[in-house]
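Number of protein chains: 2
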Amino acid sequence: MTSTKAPSNRREQILREAARLFAERGFHGVGVDEIGAAVGISGPGLYRHFACKDAMLAELLVGISGRLMAAGKLRVAEAASPAEAVDALIRGHIDFALDDRPLITLHDRELDRLPDSDRKLVRQLQRQYVEQWVEVVRQVHPAAPAPEVRAAVHAVFGLLNSTPHLGPHNGLPGRAATAAVLHRLALGAFAALDIPADRQVTY
Amino acid sequence: MTSTKAPSNRREQILREAARLFAERGFHGVGVDEIGAAVGISGPGLYRHFACKDAMLAELLVGISGRLMAAGKLRVAEAASPAEAVDALIRGHIDFALDDRPLITLHDRELDRLPDSDRKLVRQLQRQYVEQWVEVVRQVHPAAPAPEVRAAVHAVFGLLNSTPHLGPHNGLPGRAATAAVLHRLALGAFAALDIPADRQVTY
DNA sequence: AACACACGTTAACGATCGCTAACCGACCGA
DNA sequence: TCGGTCGGTTAGCGATCGTTAACGTGTGTT
């Protein structure tokens with residue numbers, strides 16, 4: 091086991107509220123007093139749990155990048171075929187986007203606010219995650235050039251991460267319906283990789 | 091004509107640099123001194139051109155929302171068919187995303203930092219823009235339920251707005267190639283609306 | 001019973017923030 | 001020539017920021 095700190099419910103509570111506030115108003119838009127108030131303690135009390143404000147953001151971003159990457163690796167390993175792997179990656183990413191909405195928002199928004207070493211780590215985890223997608227998507231759509239596949243993967247991330255903009259009160263029947271629609275849209279986007287570049291006009 | 095202010099190159103220069111900086115480091119992460127320095131004047135000199143810092147953000151967001159909406163309306167009106175209209179909307183949105191990258195980033199990131207009246211205006215413009223998309227996409231894919239179409243439109247926005255994450259140094263040959271790929275992916279996503287919800291598994 | 005430590009508190013510091021005040025040179029029309 | 005406006009400067013204000021210091025309190029250990 092790597093030496094992980096004790097979970098200490100308070101830390102998790104602080105991280106959860108900090109993530110929500112950072113996502114709502116931006117890292118610099120939230121004061122430590124506000125984060126403290128959200129968990130029932132006041133301002134400087136946070137420093138019994140975190141070294142500084144940046145450390146909270148770092149732990150959030152490293153955490154989600156790591157979990158995304160690890161879950162992706164697991165799902166790919168368990169898949170019986172490349173197509174199944176793509177399906178599993180999409181499903182996993184949708185779960186993250188729907189369940190950890192604030193984190194998904196932070197993940198591609200506040201990366202530049204990190205100290206150098208943490209930022210490098212997060213970028214590395216993100217790159218590995220993207221590579222997993224690119225690898226299996228290329229197997230499902232072998233005719234597509236690699237740069238196109240990479241662009242498509244990033245674009246599908248943007249598609250799946252659009253969840254926060256939908257809000258919980260979109261007209262969709264429920265979580266499962268939202269997930270199903272996003273899943274179909276993502277597959278549809280990837281399917282477009284099989285259309286050669288010279289036949290792109292639809293009318 | 092509505093009484094618009096004189097353009098006064100300096101204002102545009104300030105707005106352009108402010109947009110870049112806001113997109114890079116967030117609205118609260120950029121000081122007025124920094125914006126001034128970016129245009130060669132120092133800090134408070136900005137107040138000869140803008141009433142306050144929020145006014146810059148407001149002008150940027152109202153500006154892009156309005157231009158997106160107006161350009162969309164024009165393109166839809168000029169289209170000979172719904173499919174052509176969807177195509178034109180996609181093309182127009184891609185142009186915005188590629189040419190005004192910082193603005194596209196700000197557009198869905200810093201909306202909450204606006205004073206109430208401006209925020210309401212921007213939201214109204216955004217809603218009108220979305221409605222244009224929903225209207226024509228529904229005509230091209232009449233079998234899809236309205237909430238699904240709306241979700242798909244938001245998702246495609248996310249897809250097209252993923253451009254900033256690609257960076258200018260993705261492996262794609264050039265701007266036209268990037269645009270073409272995004273266009274195909276967007277059409278592919280919309281095409282998935284024709285697949286009924288009960289036949290979604292691909293393996 | 002004495003102590004240490006975990007987990008809070010309030011007060012306050014230095015830095016930085018947005019913004020105003022006061023001033024100034026360049027240009028320009030009467 | 002003179003006054004006004006336009007677009008800039010520097011100094012400095014009040015507020016707020018992240019963070020530290022000093023202190024208190026409950027809880028468990030010895």
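Residue numbers (our numbering), protein chains in the order written: chain A, 91 to 293; chain B, 91 to 293. Note that the Cβ used here is the ideal one computed from N, Cα and C, for glycine as well. Just so we're clear, the structure is a prediction, and the values are computed from it rather than from any experiment.
Distance between H255(A) and P192(A) (C-alpha atoms, nearest Å): Using only the alpha carbons, I get a separation of about 11 Å.
Give the secondary structure of N99(A) by DSSP, where H, G and I count as helix, E and B as strand, and everything else as coil. Helix, per DSSP.
Closest by C-alpha distance to D144(A), when choosing among D190(A), T195(A), L201(A): L201(A)
Neighbour list for V224(A) in chain B, Cβ cutoff strictly below 9 Å: In chain order: nothing, as chain B lies at least about 11 Å away.
Hey, is V271(B)'s beta-carbon within less than 8 Å of any beta-carbon in chain A? Against chain A, the CB of V271(B) has a partner CB under 8 Å away; the residue lies at that interface.
Members of the region 133-156 of chain A that neighbour chain B once the beta carbon cut-off is set at 8 Å: none
Going by C-alpha to C-alpha distance, which of R265(A), L188(A), A161(A) sits closest to A175(A)? A161(A)
If you drop the 5 nearest sequence neighbours on each side, which residues of the same chain put their C-beta closer than 7 Å to that of I184(A)? L250, A269, L272, H273
Looking only at its chain, what residues have a beta carbon closer than 6 Å to the beta carbon of M159(A), apart from the 5 residues adjacent to it on each side? L215, Q218, Y219
According to the neighbour-count rule (16 or more other Cβ atoms, all chains shown, within 10 Å of its Cβ), is S252(B) buried or exposed? buried
Please report whether the beta-carbon of F112(A) lies at a distance below 8 Å from any beta-carbon of chain B. Not an interface residue.
CB of G130(A) within 8 Å of CB of P237(B), strictly: no
Using the beta-carbon of each residue, which ones in chain A are nearer than 9 Å to D202(B)? Taking a Cβ-Cβ threshold of 9 Å, the residues of chain A close to D202(B) are E114, R115, G116, G119, in chain order.
Would you mind reading off the limits of the alpha helix (DSSP H) that contains E149(B)? Taken as a continuous stretch (DSSP letters only), the alpha helix (DSSP H) holding E149(B) covers 143-168.
Which residue marks the beginning of the alpha helix (DSSP H) containing I184(B), and which one marks its end? Here the alpha helix (DSSP H) through I184(B) covers 172-189.
Could you name the residues of the region 240-258 of chain B whose beta carbon sits closer than 8 Å to any beta carbon of chain A, in the order they occur along the chain? Taking 8 Å as the upper bound on Cβ-Cβ separation, chain A lies near residues R240, A241, A242, H244, A245, V246, F247, G248, L249, L250, N251, S252, H255, L256 of the region 240-258 of chain B.
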